[in-house]
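*Asks:* Before I ask anything, let me first share the structure, which is written out below as structure tokens.
Number of protein chains: 2
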Amino acid sequence: MLEKFKSYLVDKGGITEAEFQELAPVLQTKTIDKGTYLLREGEVCKYAFFVEQGLLRSFSIDQAGKEHIIQFAPENWIMSDISSNFFNESSDFFIEAIENTEVVLLDKTFFNLSDKSSSYRKYNELLLQNHIRHLQKRVNLLLSASAEKRYLNFIQLYPDLTLRVSQWMIASYLGITPESLSRVRKELATKNFKPN
Amino acid sequence: MLEKFKSYLVDKGGITEAEFQELAPVLQTKTIDKGTYLLREGEVCKYAFFVEQGLLRSFSIDQAGKEHIIQFAPENWIMSDISSNFFNESSDFFIEAIENTEVVLLDKTFFNLSDKSSSYRKYNELLLQNHIRHLQKRVNLLLSASAEKRYLNFIQLYPDLTLRVSQWMIASYLGITPESLSRVRKELATKNFKPN
DNA sequence: CGCGTGATTGAAACCCTTCAAGTTTAGTGG
DNA sequence: CCACTAAACTTGAAGGGTTTCAATCACGCG
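First to last, the protein sequences are chains G and D. Count along the first sequence from 1, then add 112; that gives the number in my numbering. Count along the second sequence from 1, then add 112; that gives the number in my numbering.
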């Protein structure tokens, strides 16, 4: 239940084995059914969710009632509204499980470990920096690329998600309609391009 | 030359007067002419720039040769390609002074202060968290809002920039053409809306 | 004064959306 | 295991918003 999280911290995050052994007993894990919400607009986000198995999405709903997917989180990703959590503000976003999912719950106790341990501190900064890099690329892409380019970028960045996520959700992530994505795919097919 | 930066750290950032006095002598400041580049695509970003006076912009240039403005930084803002700086990667962006500008140069020495002082640590985290919040809102807006809504959001968020920045740059920030922005403004004017 | 840059306006083209219908796929219960 | 249904995907036609290209206007600066 914690394998991926452990390898994430120890192998990639620079956390020592000893530190992890100390942490492990207090970690909460949770099994979440497909369709369950982990956060709703207006709530304060209390946790970050590390995905051991499964798939989460975060999205907003605009005035016209349309959903806009901000992010997907498959295995080894962390999903949260970091800003809502950090600033104790109510969130603009929803977080929903789109597969049956196992998550590790990370609350302020976890993030406050960086006050005591320099390896947790570095790990936390790495998390934030990675998130910024990701968002920055996303802004740039939304500003500069056509629907087709955004889709090509998506399947390159998340090849497995292309198969696990319905097309209307991919369209929502890209900022286009499902119909448009369908046509983009058709167009790409005639150019002899095959995503799967 | 350091007034705003000092008040930024001490009054808002939780840095003590003593800590700042220790820091001040090693800070470099620089005066930059309008039109000068502080970072070019392909370079590694060595600094973060705190704007004491003036205005910077960061932007990318796409394959078609078009500019896309990612961010503006007027007084009291910090401009950098944080990811390039942190990960030592070459940057996808340019940073340019669009007014004669005075900046404080912040290099890794500055950011490494967080290893020693818990107030600098908190300050740094606050910087990153604010940046994430900003980018998150920007992504959401680009996904969900029309040109008109994006413009209205812009003049609400940066009322002074509306006057200091040329319209084609605002258009570039919003992800539309200057012509479109001109028409949006005309449309808003007929609805009896006056931005200035 | 004249030049260059930025802003505006018009007309045509284009990309994407909307709406509606039809087809395919996947899941459920008999 | 098939039949039924709902959801997802596709396709078409029409419309809207934005871009493109071109021409004109306004302004500031040398």
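Backbone N, C-alpha and C fix where the C-beta goes; we use that ideal spot for every residue, glycine too.
Could you work out which residue in D/Gly-287, D/Gln-279, D/Ser-284 is closest to D/Lys-298 when comparing CA atoms only?
*Replies:* By 1-based counting over the second sequence, the position of residue 298 of chain D is 186. Measuring from the Cα of D/Lys-298, the nearest candidate turns out to be D/Gln-279.
*Asks:* For the segment 240-251 of chain G, which residues have a CB atom closer than 7 Å to at least one CB atom of chain D, in sequence order?
*Replies:* Hits within the stretch, in order: Leu-240, Gln-241, His-243, Ile-244, Arg-245, Leu-247, Gln-248, Arg-250, Val-251.
*Asks:* Going residue by residue through the segment 122-194 of chain D, where are the continuous beta strand (DSSP E) segments of at least 3 residues, counting only ones entirely within it?
*Replies:* Runs of the beta strand (DSSP E) inside the segment 122-194 of chain D: 140-144, 149-151, 160-165, 168-173, 179-185.
*Asks:* Compute the distance between the beta-carbons of G/Thr-213 and G/Leu-168, then report whether it is under 9 Å.
*Replies:* Your numbering for residue 213 of chain G matches position 101 in the first sequence. Your numbering for residue 168 of chain G matches position 56 in the first sequence. Cβ atoms of G/Thr-213 and G/Leu-168: closer than 9 Å.
*Asks:* Which residues, taken in chain order from the segment 286-303 of chain D, show a beta carbon closer than 8 Å to some beta carbon of chain G?
*Replies:* Against chain G - using a Cβ distance shorter than 8 Å - the residues of the segment 286-303 of chain D are Gly-287.
*Asks:* Excluding the five sequence neighbours on either side, which residues of its own chain have a C-beta within less than 6 Å of the C-beta of D/Ser-172, listed in chain order?
*Replies:* Residue mapping note: residue 172 of chain D aligns to position 60 of the second sequence, counting from 1. Result list for D/Ser-172: His-180, Asp-204, Phe-205, in chain order.
*Asks:* For the alpha helix (DSSP H) that contains D/Glu-299, what are its first and last residues?
*Replies:* For this step, residue 299 of chain D is matched to residue 187 along the second sequence. Looking at the DSSP string, the run of the alpha helix (DSSP H) that includes D/Glu-299 is 290-302.
*Asks:* Quick one, which of G/Ile-282, G/Gln-175, G/Ala-160 has its alpha-carbon nearest D/Leu-253's?
*Replies:* As a working mapping, residue 253 of chain D is identified with position 141 in the second sequence. The shortest C-alpha separation from D/Leu-253 is found at G/Gln-175.
*Asks:* Show which residues of chain D have a CB atom less than 8 Å away from the CB atom of G/Asp-219.
*Replies:* In the first sequence, counting from the first residue as 1, residue 219 of chain G sits at position 107. By Cβ distance, chain D contributes nothing, its closest Cβ being about 16 Å from G/Asp-219, past 8 Å.
*Asks:* Less than 7 Å between C-beta atoms, sequence neighbours within five positions excluded: which residues of the same chain meet that for D/Pro-307?
*Replies:* Here residue 307 of chain D refers to the residue found at position 195 when the second sequence is read from its first residue. Low local confidence applies: a pLDDT of 43 at D/Pro-307 is under 50, so the model's placement there is unreliable, with the coordinate-based value given in what follows. Answer for D/Pro-307: Ile-267, Thr-274, listed in chain order.
*Asks:* For D/Asn-308, name the three-state secondary structure that DSSP assigns.
*Replies:* As a working note, residue 308 of chain D is residue 196 in the second sequence. Here the model assigns D/Asn-308 a pLDDT of 36, short of 50, so the residue's position is not dependable, and the following value carries that caveat. The answer is coil: DSSP assigns D/Asn-308 none of H, G, I, E or B.
*Asks:* Terminal residues of the continuous beta strand (DSSP E) containing G/Leu-217?
*Replies:* As a first step, residue 217 of chain G must be located in the first sequence, where it is residue number 105. Residues 213-218.
*Asks:* Checking the sheet assignment: what are the DSSP bridge partners for G/Ile-210?
*Replies:* Translated into positions along the first sequence, residue 210 of chain G becomes position 98. None, per the DSSP bridge assignment.
*Asks:* Using a Cβ-Cβ cut-off of 9 Å, state whether D/Phe-206 counts as contacting chain G.
*Replies:* Taking the first residue of the second sequence as position 1, residue 206 of chain D is located at position 94. By this cut-off, D/Phe-206 is not an interface position.
*Asks:* Answer yes or no: does any C-beta atom of chain G fall closer than 9 Å to that of D/Arg-233?
*Replies:* On the second sequence, position 121 is the one that residue 233 of chain D refers to. So, interface residue.
*Asks:* Residues of chain G with a CB under 7 Å from the CB of D/Phe-198: which are they?
*Replies:* Here residue 198 of chain D is taken as the residue at index 86 of the second sequence, counted from 1. Chain G residues near D/Phe-198: Gln-241.
*Asks:* From D/Ser-256, D/Lys-228, D/Ile-144, pick the residue whose C-alpha is nearest to that of D/Leu-135; which is it?
*Replies:* As a working note, residue 135 of chain D is residue 23 in the second sequence. D/Leu-135 has its Cα closest to that of D/Lys-228, out of D/Ser-256, D/Lys-228, D/Ile-144.
*Asks:* Taking only beta-carbon atoms, is G/Leu-255 less than 9 Å away from chain D?
*Replies:* Here residue 255 of chain G refers to the residue found at position 143 of the first sequence. G/Leu-255 counts as touching chain D.
*Asks:* Consult DSSP for D/Ser-229 and reduce its assignment to one of helix, strand or coil.
*Replies:* The residue given as residue 229 of chain D occupies position 117 in the second sequence. Coil at D/Ser-229, not helix or strand.
*Asks:* Put D/Ser-202 into one of helix, strand or coil per three-state DSSP.
*Replies:* Position 90 of the second sequence, counted from the first residue, corresponds to residue 202 of chain D. In the structure shown, D/Ser-202 sits in a strand (DSSP, three-state: E or B).
*Asks:* Count the other C-beta atoms from every protein chain shown that fall within 10 angstroms of the C-beta of D/Asp-193, then say buried if there are 16 or more, exposed otherwise.
*Replies:* Within the second sequence, numbered from 1, the residue matching residue 193 of chain D stands at position 81. Answer is buried; the Cβ neighbour count reaches 16.
*Asks:* Measuring alpha carbon to alpha carbon, tell me which residue in G/Thr-128, G/Gln-165, G/Ala-130, G/Gly-147 is nearest G/Thr-85.
*Replies:* Examination of residue 85 of chain G is not possible in this model, given that chain G is present from 113 through 308 alone.
*Asks:* Mind listing the chain D neighbours of G/Ile-194? Cutoff is C-beta to C-beta under 9 Å, in chain order.
*Replies:* The residue given as residue 194 of chain G occupies position 82 in the first sequence. The contacting residues are Gln-241, Ile-244, Arg-245, Gln-248.
*Asks:* Please check the pair G/Pro-186 and G/Val-163, which I expect to be a contact at CB under 8 Å, by giving their CB distance rounded to whole angstroms.
*Replies:* Taking the first residue of the first sequence as position 1, residue 186 of chain G is located at position 74. Taking the first residue of the first sequence as position 1, residue 163 of chain G is located at position 51. That pair is a contact at about 6 Å.
*Asks:* Alpha carbon to alpha carbon, how far is G/Phe-117 from D/Val-122? Give it in angstroms, no decimals.
*Replies:* As a position in the second sequence, residue 122 of chain D is number 10, starting the count at 1. As a position in the first sequence, residue 117 of chain G is number 5, starting the count at 1. Cα to Cα, the separation comes out at about 38 Å.
*Asks:* Closest to D/Ser-230 by C-alpha separation, out of D/Ser-119, D/Gly-125, D/Glu-115, would be which residue?
*Replies:* Position 118 of the second sequence, counting from 1, holds the residue named residue 230 of chain D. Looking at the Cα atoms, D/Gly-125 is the closest of the given residues.
*Asks:* Which first and last residues belong to the alpha helix (DSSP H) in which D/Asn-224 is found?
*Replies:* For this step, residue 224 of chain D is matched to residue 112 along the second sequence. Looking at the DSSP string, D/Asn-224 is not in any alpha helix (DSSP H), and its letter there is neither H nor E.
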